[in-house]
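To keep things clear, I will list the structure first and then write my remarks on it.
Protein chains: 2
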Amino acid sequence: MPRNKKSPSNEILLGIDLGGTKILAGAFDSSIRLLGSAKRPTLREVGPDGVTARIVETVTEALQTAGRSLHEVTGVGIGAPGPLDPDTGVVLTTPNLGWENFPLAAKLSEALGKPVFLDNDVKLAALGETRHGAAVGANSVVALWVGTGIGGGVLVGGRLVHGAGKNAAELGHMVVKANGPRCGCGVRGHLEALASRSSIERDLREAVAWGTKSRLERLVKKNKTRQIRSSELYRAYEKGDDLTRRLIHRAARYIGIGVGNMLNILSPERVVLGGGIFEAFGEDLLERIKTSARKNSFDVAFDACEIVIAKLGEEAGVIGAAELAKDKLGERRNAGR
Amino acid sequence: MPRNKKSPSNEILLGIDLGGTKILAGAFDSSIRLLGSAKRPTLREVGPDGVTARIVETVTEALQTAGRSLHEVTGVGIGAPGPLDPDTGVVLTTPNLGWENFPLAAKLSEALGKPVFLDNDVKLAALGETRHGAAVGANSVVALWVGTGIGGGVLVGGRLVHGAGKNAAELGHMVVKANGPRCGCGVRGHLEALASRSSIERDLREAVAWGTKSRLERLVKKNKTRQIRSSELYRAYEKGDDLTRRLIHRAARYIGIGVGNMLNILSPERVVLGGGIFEAFGEDLLERIKTSARKNSFDVAFDACEIVIAKLGEEAGVIGAAELAKDKLGERRNAGR
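Protein chains in written order, with the working numbering: chain A, 1 to 337; chain B, 338 to 674.
Written out as structure tokens, the structure reads:
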């Protein structure tokens, strides 16, 4: 039997997750098993071309760790914060990176000499969790990623939904409290303005300024600008800090409202909760979120859905990015038949 | 060439829309052209078997009007208020009809001697508008039906989304104002509690009770129980009644918030607005709704979407029901190959 040259079994796929603070890269075999990985600070101040060079360094290190070479790489997937154009590989505007209309896929493809495919970071994390993590076996998935902001990913029929504007699943930007607090995007009452780490920090700082006692008081007063990390919130929460507990529980209630909305809108098989807050809090908020989701949605949708915490941690994005590369190369091969 | 016996060109499909107040039926050819129709009051007090008999009378009349006979009918589609199970054809619970676990498809199939397929009434209206009305040519569609309640239909990749619980797209039951007014389903702040005809009526009655002047005052005071019709609201609105205008404009703002949420969540190509309110108000509220949707969503999603008023009026549901029957018969034929 002739060896299938079109899909070499020793092909290597690269997955990259580009964030505002760090770059993660992984080298994968064709079954998307991780062979080696690397991590670097993004250093956004070096600008888009500088960051692209840092991405190349990071993937080079990941390949070295895996004991493989760039010659074996057939394709590269990369996730970046949106909005972006997955078809042209252009990052449109990214407050997190300070970029505007940067052709990331083309630039990286030029640097590596390989095809590069771009998609939204949270969408790729959702894809990673669906293929290898907490949503394996589910066809319809809603992923809600709660960190500094709130992002999302939606799969229907096993496929990511991008929509006509190519940037669907901005689940943090659904109004859940009309006339509520203002979101970073300017709109009042978006979920992100009520349940993200930064919204919790906003209210914590305000309460402390008004004299409310908290274990985080010193941290808040010492650092006017540095963010309070999810892990710091968790430590105060665990130790019973009253203010932190109240704010976290309120956030959990709103996350449950967001999940409840998605249950009534799409009735997915699985809802996956991930991102910085859940990396820090693990399963601790799950029952609270489920209680709020149940209260705000129909039983018929709630009962048909499993609500779970993400399994892959910060690797979800690179795994999803490698899956993207695999899918896109597969589509190209099929189209070339 | 042998004639294709499996898909006879003279086949007749029946589409039925079962509502709380009326039954609509249509007889269609295989291209889903309407050949004849009929309409009867539902008379829900006669109970599920009695209503089934009335449905049979209505389709019989529709066939007579079309000059066709039941022998030519190959399949029947029927839309009913949810929640229901489209796979088993059972209406689970319907406050509108007062039914519980009624096997409507099986009962109607027995009565007519034809295969009968059941789905949610608003989903079928969305399908009708997508195949023949305001959303022709669009692959991803969000339909929002605003009447006494608020229902929805979502198509992704040209197909209705039912989800794991089989009752997705309950767009009236998304929280847009946490802690807001209570919805008929018991949850606070659902869109239906802020923008449906019944929520407008609730606030109109309350304002009048508190002494606010309105052209609808006499109607409100005379009829404590009869609903105020959408057409009556429109008449007062058109004549400049201040209270009605304020309430309708507030509803439009909330409908825009709901649409904005769907833009950020699914980024559809087309949003279709239908139901009693839009049958009465036509395009009059469209600009207001667009303004609110634009304000609450990302440009990338808003700019990629057309927001339009439904075209097919009360026929959308029967047309969609006939399309359902056609699709399901096609699937059976393909499965039988």
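Just so you know, even glycine gets a beta-carbon here, dropped at the ideal spot from N, CA and C.
Pick from the options that is closest to residue i, judged by C-alpha positions
i: A/PRO81; options: A/VAL91, A/LEU233, A/VAL136 and A/GLY75; result: A/VAL91
i: A/VAL136; options: A/GLY180, A/ILE309 and A/ARG215; result: A/ILE309
i: A/GLU72; options: A/GLY98, A/LEU13 and A/TRP145; result: A/LEU13
i: A/LEU112; options: A/ALA335, A/GLY75 and A/TRP99; result: A/GLY75
i: A/VAL116; options: A/LYS123, A/ASP242 and A/LEU104; result: A/LEU104
i: B/ALA403; options: B/ALA630, B/ASN347, B/ASP640 and B/LEU481; result: B/ASN347
i: B/CYS642; options: B/SER477, B/LYS514 and B/LEU584; result: B/SER477
i: A/GLY147; options: A/ASP241, A/LYS326, A/ILE16 and A/GLY274; result: A/GLY274
i: A/ARG131; options: A/VAL259, A/LYS311, A/ALA335 and A/ILE23; result: A/LYS311
i: B/VAL459; options: B/PRO432, B/VAL396, B/GLY489 and B/THR562; result: B/GLY489
i: A/LYS39; options: A/SER30, A/THR58 and A/ASP49; result: A/THR58
i: A/GLY50; options: A/ARG218, A/LYS326 and A/LEU108; result: A/LEU108
i: A/GLY282; options: A/GLY258, A/ASP303 and A/GLU238; result: A/GLU238
i: A/LEU97; options: A/LEU18, A/LYS177 and A/ILE307; result: A/LEU18
i: A/LEU84; options: A/LYS22, A/LEU155, A/ALA164 and A/LEU34; result: A/ALA164
Check whether residue i and residue j have beta carbons under 9 angstroms apart
i: A/GLY317; j: A/GLY128; result: yes
i: B/SER604; j: A/ALA168; result: yes
i: A/ILE55; j: A/ILE32; result: no
i: A/GLY186; j: A/GLY172; result: no
i: A/ARG270; j: A/VAL142; result: yes
i: A/THR52; j: A/GLY20; result: no
i: A/GLY47; j: A/ALA321; result: no
i: B/GLU616; j: B/GLU651; result: yes
i: A/SER230; j: A/ARG253; result: no
i: B/ASN601; j: B/SER634; result: yes
i: A/GLU170; j: B/ALA638; result: yes
i: B/LEU553; j: B/ALA573; result: yes
i: B/THR562; j: B/LEU570; result: no
i: A/LYS222; j: A/GLY260; result: no
i: A/LEU144; j: A/MET262; result: yes
i: B/SER367; j: B/LYS665; result: no
9 angstroms Cβ cutoff, residue i in contact with chain A
i: B/GLY474; result: no
i: B/PRO605; result: yes
i: B/GLY597; result: yes
i: B/VAL493; result: yes
i: B/GLY619; result: no
i: B/VAL512; result: yes
i: B/ASP456; result: no
i: B/ARG583; result: no
i: B/LEU622; result: no
Strand pairing of residue i, partner residues [DSSP]
i: A/ASP119; result: A/GLY79
i: A/HIS190; result: A/VAL175
i: A/PRO344; result: This structure cannot speak to residue 344 of chain A, because chain A is shown only from 1 to 337.
i: B/GLY444; result: Note that residue 444 of chain B corresponds to Lys in the displayed sequence, not to Gly. Per DSSP, none; premise fails for B/LYS444.
i: A/THR94; result: A/TRP99
i: B/ASP422; result: B/VAL427
Nonlocal neighbours in the same chain, by C-beta distance under 7 angstroms from residue i, ignoring five residues either side
i: B/PRO423; result: LEU455, ASP456, HIS499 and LYS503
i: A/ASN101; result: VAL90 and LEU92
i: A/GLU201; result: GLN227 and ILE228
i: B/LEU661; result: GLY414, PHE454, ASP456, LEU461 and LEU464
i: A/THR291; result: GLY256
i: B/HIS527; result: GLY509, HIS510, MET511, VAL512 and CYS520
Neighbourhood of residue i by C-beta distance below 8 angstroms, restricted to the same chain and skipping five residues each side
i: A/VAL220; result: LEU204, ARG205, VAL208, SER214 and ILE228
i: A/GLY36; result: GLY26, ALA27, ALA62, LEU63, GLN64, THR65, ALA66, GLY67 and ARG68
i: A/PRO2; result: The pLDDT assigned to A/PRO2 is 45, lower than 50, so where the model puts this residue is not dependable; a value taken from the coordinates is nonetheless given after this. Cβ within range, chain order: n/a, list empty.
i: B/GLY470; result: VAL609, ALA647, LYS648, LEU649, ALA653 and ILE656
i: B/ARG625; result: HIS586, ALA589, ARG590 and GLY593
Residue-level contact to chain B via CB, residue i, 9 angstroms cutoff
i: A/PRO83; result: yes
i: A/ILE265; result: yes
i: A/ARG3; result: With a pLDDT of 43 at A/ARG3, under the threshold of 50, the modelled position of that residue is not reliable, and no figure is offered here.
i: A/TYR237; result: no
i: A/LEU127; result: no
i: A/LEU194; result: yes
i: A/LEU92; result: yes
i: A/GLY151; result: no
i: A/ALA301; result: yes
i: A/SER199; result: no
i: A/LYS123; result: no
Contacting residues, own chain, Cβ-Cβ under 6 angstroms from residue i (five flanking each side not counted)
i: B/ARG525; result: ASN516, GLY517 and ARG519
i: A/SER7; result: With a pLDDT of 46 at A/SER7, under the threshold of 50, the modelled position of this residue cannot be trusted, and the question is left open.
i: A/ALA138; result: GLU269 and ARG270
i: A/ALA195; result: ALA251, TYR254 and ILE255
i: A/ILE248; result: TYR237
i: B/VAL491; result: VAL479, VAL498 and ALA506
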